[in-house]
Amino acid sequence: MKTLLLVGIGAGDPDYITYQAIKALRRSDVIFLMDKGAAKHKLNALRREICARFLDGHAPRFAEGLQPERERDAADYRASVDELNRDKQAVFEQLIDEQMADGETAAFMVWGDPSLYDSSIRIIEAIAARRSDFVYDVIPGITSLQALTARHRIPLNSIGRAVEITTGRLLAEGWPQGVDSVAVMLDAKDSYRRFVGQGLHIYWGAYVGTADEILIAGPLDEVAERIAMTRAEARERNGWIMDSYLLRREHEAEA
Numbered sequence: 001m002k003t004l005l006l007v008g009i010g011a012g013d014p015d016y017i018t019y020q021a022i023k024a025l026r027r028s029d030v031i032f033l034m035d036k037g038a039a040k041h042k043l044n045a046l047r048r049e050i051c052a053r054f055l056d057g058h059a060p061r062f063a064e065g066l067q068p069e070r071e072r073d074a075a076d077y078r079a080s081v082d083e084l085n086r087d088k089q090a091v092f093e094q095l096i097d098e099q100m101a102d103g104e105t106a107a108f109m110v111w112g113d114p115s116l117y118d119s120s121i122r123i124i125e126a127i128a129a130r131r132s133d134f135v136y137d138v139i140p141g142i143t144s145l146q147a148l149t150a151r152h153r154i155p156l157n158s159i160g161r162a163v164e165i166t167t168g169r170l171l172a173e174g175w176p177q178g179v180d181s182v183a184v185m186l187d188a189k190d191s192y193r194r195f196v197g198q199g200l201h202i203y204w205g206a207y208v209g210t211a212d213e214i215l216i217a218g219p220l221d222e223v224a225e226r227i228a229m230t231r232a233e234a235r236e237r238n239g240w241i242m243d244s245y246l247l248r249r250e251h252e253a254e255a
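For the sequence shown, UniProt numbering assigns the number 1 to the initial residue and increments by one for each residue that follows.
Structure, rendered in structure tokens:
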């Protein structure tokens, strides 16, 4: 029997990793990495740095799989995601079959937390549903939203109020009902700009917890264009962008 561990490693700062995650990596025989191309080389470099820093002499071997790409601006977004996950599943299975021996433990080092806008759990569940030669476990990590609110020194929710976690794609359809605070991930279209003039405050961050970290906060009307410009420049400079933000009604932001 093989054992797979989905290990949340935090949102960028190696110090975000938990002791539970360190123990999981220390018992792993192999670490699976997904190669996302030269532009995102820093992500796997950080994973290797975490292992070098915290594994106390334990030296698992590394095995890399090629990260499939999702079709951008596809007419059917859900279909494009389903196709991407099927392609990822094939890569995951290849790693399990070719890079693990029976009785070994392998870890996928998942950015942030495996439960928040990451498909690793779904992919492993799909594989486990049709084969019985492995077991798996999930180790939580510090999410990008936890890191964002900590760096801005704010709580995620207002007192006695709900907060919604959503995507830029869904936010573009309108402000969610019944909430004053909206945490947004995966916003490639700068959807916050459509809410200028509606009395909102924004707390934005890119590459949070890394040496490239950028933070901007303030009334949305005043900083929206600066965020859009900064985001575009950062993406051009680094070849990729990883950002999130919290939008909050200004009366709540001042409370």
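Think of the CB as a built atom: it goes at the ideal place given N, C-alpha and C, for glycine as much as any other residue.
Checklist entry - With 16 as the cutoff for other CB atoms within 10 Å, does residue 193 come out buried or exposed? => result Around the beta-carbon of residue 193, fewer than 16 other beta-carbon atoms lie within 10 Å, marking it exposed.
Checklist entry - How close, in whole Å, do the beta carbons of residue 91 and residue 65 come, if the pair is a contact with beta carbons under 8 angstroms? => result Indeed, because the Cβ distance is near 4 angstroms, the residues count as touching under 8 angstroms.
Checklist entry - Run through DSSP, which three-state label would residue 168 get? => result When DSSP states are grouped into helix, strand and coil, residue 168 belongs to the helix group.
Next on the checklist: Taking 8 angstroms as the limit between beta carbons, can you name the residues of its chain near residue 3, skipping five residues before and five after?
Outcome noted: Close CB contacts of residue 3 within its chain, under the 8 angstroms cut and outside five residues either way in sequence, are with 104, 105, 106, 134, 135, 136, 137 (chain order).
Checklist entry - If you drop the 5 nearest sequence neighbours on each side, which residues of the same chain put their C-beta closer than 8 angstroms to that of residue 220? => result Beyond the five residues adjoining it in sequence on each side, residue 220 comes within less than 8 angstroms, by CB distance, of 192, 195, 196, 198, 200, 201, 202, 247 in the same chain, given in chain order.
Item to check | Unbroken stretches of the beta strand (DSSP E), 3 residues or longer, contained in the segment 66–132 | outcome: Runs found: 105–110.
Item to check | Cβ-based neighbour list, residue 100, same chain, cut-off 7 angstroms, excluding 5 preceding and 5 following | outcome: Cβ neighbours of residue 100 beyond the five flanking positions: 2, 30, 106.
Item to check | Whole-angstrom C-beta distance between residue 121 and residue 6, which should lie under 8 angstroms | outcome: Contact flag correct, Cβ pair sits at about 6 angstroms.
Checklist entry - DSSP three-state call for residue 61: helix, strand or coil? => result Three-state DSSP puts residue 61 in a strand.
Item to check | residue 3, DSSP secondary structure in three states | outcome: Three-state result, residue 3: strand.
Checklist entry - Distance, Cα to Cα, residue 147 vs residue 11? => result Approximately 7 angstroms, taken between the alpha carbons.
Checklist entry - So, using beta-carbon positions, are residue 205 and residue 186 closer together than 7 angstroms? => result No; because the gap between Cβ atoms is not below 7 angstroms, this pair is not in contact.
Item to check | Other residues of its chain near residue 156: CB distance less than 6 angstroms, five sequence neighbours each side excluded | outcome: Excluding positions up to five away in sequence, the list reads 149, 163.
Checklist entry - Can you tell which of 181, 144, 141 has the C-alpha that lies nearest to the C-alpha of residue 159? => result If you compare the alpha carbons of 181, 144, 141 with that of residue 159, the shortest gap goes to 181.
Next on the checklist: Tell me the DSSP secondary structure of residue 221 in three-state form.
Outcome noted: Looking at residue 221 - three-state DSSP - the assignment turns out to be helix.
Item to check | Whole-angstrom distance between residue 34 and residue 82, CA atom to CA atom | outcome: Cα to Cα, residue 82 sits roughly 18 angstroms from residue 34.
Checklist entry - Using 7 angstroms as the limit for Cβ to Cβ distance, is residue 8 near chain C? => result Among the protein chains of the structure shown there is no chain C, as only one such chain exists.
Next on the checklist: Can you find the residues in the same chain that come closer than 6 angstroms, C-beta to C-beta, to residue 18, ignoring five residues on each side of it along the sequence?
Outcome noted: Within the same chain, residue 18 has no close Cβ partners at all.
Item to check | Span separating the alpha-carbon of residue 48 from that of residue 108 | outcome: Between the alpha carbons of residue 48 and residue 108 lies a gap of roughly 12 angstroms.
Checklist entry - Leaving out five residues before and five after residue 213 in sequence, what residues of the same chain have Cβ atoms less than 8 angstroms from its Cβ? => result The answer, listed in chain order, is 12, 151, 205, 206, 207.
Checklist entry - DSSP three-state call for residue 11: helix, strand or coil? => result Note: residue 11 maps to coil in three-state DSSP.
Next on the checklist: Using C-beta distances below 7 angstroms, list every residue in its chain close to residue 36, excluding the 5 sequence neighbours before and after it, in chain order.
Outcome noted: Within the same chain, Cβ atoms closer than 7 angstroms to the Cβ of residue 36 are found at 43, 67, the five residues on either side in sequence being excluded.
Checklist entry - Taking the alpha carbon of residue 26 as the point to measure from, which residue in 51, 41, 174, 153 has its own alpha carbon closest? => result Nearest Cα to residue 26 within the set 51, 41, 174, 153: 51.
Item to check | DSSP state of residue 158 mapped onto helix, strand, coil | outcome: If DSSP states are grouped into helix, strand and coil, residue 158 belongs with coil.
Item to check | Cβ distance (whole Å) where residue 62 is taken to contact residue 22 below 8 angstroms | outcome: For a cut-off of 8 angstroms, the C-beta gap from residue 62 to residue 22 is around 17 angstroms, too long to register as a contact.
Next on the checklist: Let's see if you can read the secondary structure: which residues bound the alpha helix (DSSP H) around residue 21?
Outcome noted: Note, residue 21: alpha helix (DSSP H), 19–26.
Item to check | Euclidean distance between Cα positions of residue 125 and residue 222 | outcome: Whole-angstrom Cα-Cα distance: 45 angstroms.
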